[in-house]
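Residue numbers for the sequence shown, in our numbering: 155 to 493.
Using N, Cα and C, we set each Cβ at its ideal position, and we do this for glycine too.
Because the structure is a prediction, the values reported are computed rather than measured.
Some notes on the structure that comes next.
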Amino acid sequence: MKVFVTGGIGYIGSHTVVELQQNGFEVVIADNLCNSNIKVLDGIEQITGVRPEFEKIDLADAEKVQDFFSRHRDVVAVIHFAALKAVGESVQKPLEYYKNNLNSLMNVITAMREFGVKNLVFSSSCTVYGQADILPVTEQTPRKQAESPYGNTKAMCEDIMRDVAKVEKEMNLLALRYFNPIGAHPSSCIGELPNGVPNNLIPYLTQTVAGIREQLSVFGDDYNTPDGSAIRDYIDVVDLARAHVVAIRRLLDGKNKANYEYFNIGTGTGLSVLELIHAFERATGEKVNYKIVGRRAGDIEKVWADTTLANRELGWKASVPIEETLANVWKWQKHLMNK
Ligand code: NAD
Ligand code: UDP
Numbered sequence: 155m156k157v158f159v160t161g162g163i164g165y166i167g168s169h170t171v172v173e174l175q176q177n178g179f180e181v182v183i184a185d186n187l188c189n190s191n192i193k194v195l196d197g198i199e200q201i202t203g204v205r206p207e208f209e210k211i212d213l214a215d216a217e218k219v220q221d222f223f224s225r226h227r228d229v230v231a232v233i234h235f236a237a238l239k240a241v242g243e244s245v246q247k248p249l250e251y252y253k254n255n256l257n258s259l260m261n262v263i264t265a266m267r268e269f270g271v272k273n274l275v276f277s278s279s280c281t282v283y284g285q286a287d288i289l290p291v292t293e294q295t296p297r298k299q300a301e302s303p304y305g306n307t308k309a310m311c312e313d314i315m316r317d318v319a320k321v322e323k324e325m326n327l328l329a330l331r332y333f334n335p336i337g338a339h340p341s342s343c344i345g346e347l348p349n350g351v352p353n354n355l356i357p358y359l360t361q362t363v364a365g366i367r368e369q370l371s372v373f374g375d376d377y378n379t380p381d382g383s384a385i386r387d388y389i390d391v392v393d394l395a396r397a398h399v400v401a402i403r404r405l406l407d408g409k410n411k412a413n414y415e416y417f418n419i420g421t422g423t424g425l426s427v428l429e430l431i432h433a434f435e436r437a438t439g440e441k442v443n444y445k446i447v448g449r450r451a452g453d454i455e456k457v458w459a460d461t462t463l464a465n466r467e468l469g470w471k472a473s474v475p476i477e478e479t480l481a482n483v484w485k486w487q488k489h490l491m492n493k
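Quick look at the structure:
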């Protein structure tokens, strides 16, 4: 059975392609490589022994998407990762973000409808919850007004899926709300490839330990948390990739309870920035050079997931211990430097 993975050369997409192939699915990828490198295909092939089909396509181009579906009539499901994802950049370039992220989803769903492809899994984010009043957040926790155009595209994409599902009864649409994806494949053949100076904590941390950055800034130690630093739910990228495989299976097996569903995908445990740094030091034996600085604008204080629904309905649970995840990211960073 063939799954169409948009954005499959990217960080989460590539790990998901590996899990799909290792679970017997065929994969075809479309990606415009705006935030990824074609060499990732070599990494996927090294791990799985299979080079997935690939086409360089801009999903925001409706005609190209139609043409793609017309040529791939054996696709039974789509996982839509392709999106721009830099929160800060989205504030500077809102139109680019709305155009890219909304059009690509609408183009994909429109072509699915035209060519009779029924099943879609979409990459959403815990950003839709903002700073929730009650933690952990469940799927019933009200969404809050997004802090950035990027966050808003996720909320709007969810709304598009919800509204389409009401009238396209044959279609099965499912959103996974990722918490904070981190880590790399244990083989070190694929991992995160940040462009320029990383914004996210883990790539900044590993680049600091590697000597590429001078010092890691911890943004804030005056939050209302046990050690004062902000709390997130860090989910291993391979665990996250596995969640897509079970979500696809749920749709293909007709086990979904509604034709639009959404699930939290996290570990269920919150870790503070300082706890994460110390866990990294324990896992790798390396020392992290960091200093406490002021809060970063737009950051929320704390969020972590209640994953009961995903555990029960998808039969999925995060399983990689945080130390193993952190050892893998360090191995990946060293691999990048030796290339
Ligand atoms: P990524 O940038 O590594 O991967 C996205 C891929 O999509 C890239 O390969 C990029 O080239 C491609 N792409 C973007 N726009 C495209 C277009 N118009 N046409 C074709 N290809 C296009 O990002 P990622 O971290 O792997 O994220 C994957 C998805 O998960 C995104 O939708 C992102 O918003 C979402 N998400 C990510 C995180 C995170 O922290 N990484 C958290 C929550 C949700
Ligand atoms: N963070 C930090 N220093 C950095 C990058 C991030 O202290 O250089 C903190 C950030 O303030 C947040 C957490 O690490 O509390 C996770 O940030 P990241 O950007 O990785 O993900 P976000 O939760 O913002 O999506």
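Are the CB atoms of residue j and residue i within a distance shorter than 8 angstroms?
{"i": "Leu330", "j": "Leu430", "result": "no"}
{"i": "Asn418", "j": "Leu468", "result": "no"}
{"i": "Val262", "j": "Val230", "result": "no"}
{"i": "Gly197", "j": "Ile344", "result": "yes"}
{"i": "Thr362", "j": "Asn443", "result": "yes"}
{"i": "Asn413", "j": "Lys308", "result": "no"}
{"i": "Asn189", "j": "Ala338", "result": "no"}
{"i": "Gly290", "j": "Ala433", "result": "Note on identity: in this sequence residue 290 is Pro, with Gly being the wrong assignment. Contact flag unset, no."}
{"i": "Lys272", "j": "Met325", "result": "yes"}
{"i": "Asn353", "j": "Ala240", "result": "yes"}
{"i": "Ile166", "j": "Ala184", "result": "no"}
{"i": "His234", "j": "Leu259", "result": "yes"}
{"i": "Val171", "j": "Gly162", "result": "yes"}
{"i": "Ala265", "j": "Thr281", "result": "no"}
{"i": "Phe223", "j": "Phe269", "result": "yes"}
{"i": "Leu370", "j": "Tyr358", "result": "yes"}
{"i": "Trp470", "j": "Arg396", "result": "yes"}
{"i": "Ser168", "j": "Val245", "result": "no"}
{"i": "Pro206", "j": "Gln175", "result": "yes"}
{"i": "His489", "j": "Ser278", "result": "no"}
{"i": "Met491", "j": "Ala364", "result": "yes"}
{"i": "Ala437", "j": "Glu477", "result": "yes"}
Is residue i close to ligand 1? I mean its beta-carbon at under 7 angstroms from any heavy atom of the ligand.
{"i": "Lys239", "result": "yes"}
{"i": "Thr462", "result": "no"}
{"i": "Tyr251", "result": "no"}
{"i": "Tyr165", "result": "yes"}
{"i": "Cys343", "result": "no"}
{"i": "Leu425", "result": "no"}
{"i": "Gly161", "result": "yes"}
{"i": "Ser122", "result": "Residue 122 falls outside the range modelled here, since the chain spans only 155 to 493, and no answer is possible."}
{"i": "Tyr332", "result": "yes"}
{"i": "Ile198", "result": "no"}
{"i": "Asn418", "result": "no"}
{"i": "Ile192", "result": "no"}
{"i": "Leu213", "result": "yes"}
{"i": "Leu195", "result": "no"}
{"i": "Asn306", "result": "no"}
{"i": "Ser244", "result": "no"}
{"i": "Leu490", "result": "no"}
{"i": "Phe223", "result": "no"}
{"i": "Asn254", "result": "yes"}
{"i": "Leu327", "result": "no"}
{"i": "Ser277", "result": "yes"}
{"i": "Ala364", "result": "no"}
{"i": "Ala236", "result": "yes"}
Just confirm the distance between the C-beta atoms of residue i and residue j, as a whole number of angstroms; I'd bet it's less than 8 angstroms.
{"i": "Leu274", "j": "Leu238", "result": "That belief does not hold up - the Cβ atoms of Leu274 and Leu238 are roughly 19 angstroms apart, past 8 angstroms."}
{"i": "Gly422", "j": "Thr461", "result": "5 angstroms"}
{"i": "Tyr332", "j": "Leu394", "result": "6 angstroms"}
{"i": "Ser179", "j": "Val194", "result": "Note that residue 179 corresponds to Phe in the displayed sequence, not to Ser. With a Cβ gap of about 18 angstroms, Phe179 and Val194 do not count as contacting."}
{"i": "Glu440", "j": "Trp484", "result": "7 angstroms"}
{"i": "Val399", "j": "Glu173", "result": "5 angstroms"}
{"i": "Val182", "j": "His226", "result": "6 angstroms"}
{"i": "Asp390", "j": "Thr292", "result": "Actually they do not touch by this definition, with Cβ atoms about 21 angstroms apart."}
{"i": "Val427", "j": "Ser383", "result": "4 angstroms"}
{"i": "Ile454", "j": "Gly284", "result": "6 angstroms"}
{"i": "Arg449", "j": "Gly374", "result": "4 angstroms"}
{"i": "Ile446", "j": "Val372", "result": "5 angstroms"}
{"i": "Leu347", "j": "Asn191", "result": "6 angstroms"}
{"i": "Lys253", "j": "Ala214", "result": "6 angstroms"}
> Taking a cut-off of 6 angstroms, which residues have a beta-carbon closer than that to any heavy atom of ligand 2, in chain order?
Replying inline: Asn334, Asn353, Asn354, Leu355, Tyr358, Leu370, Ser371, Val372, Phe373, Ala384, Arg386, Val427, Arg450 and Asp453
> Fully enclosed by the stretch 305-364, which alpha helix (DSSP H) runs are 4 residues long or longer?
Replying inline: 355-363
> Mind pulling the alpha helix (DSSP H) runs of 4 or more residues that sit fully within the stretch 218-282?
Replying inline: 241-246 and 248-269
>> Quick check for students: name the residue ranges of the beta strand (DSSP E) that lie wholly in the stretch 190-217, counting only runs of 3 or more.
In response: 207-210
> Fully enclosed by the stretch 158-191, which beta strand (DSSP E) runs are 3 residues long or longer?
Replying inline: 180-185
>> Please give me, in chain order, every unbroken run of the beta strand (DSSP E) with length at least 3 that falls completely inside the stretch 435-466.
In response: 444-447
> Where are the beta strand (DSSP E) runs, 3 residues long or more, that stay fully inside the stretch 383-413, in chain order?
Replying inline: Within the stretch 383-413, the complete beta strand (DSSP E) runs of at least 3 residues are 388-390.
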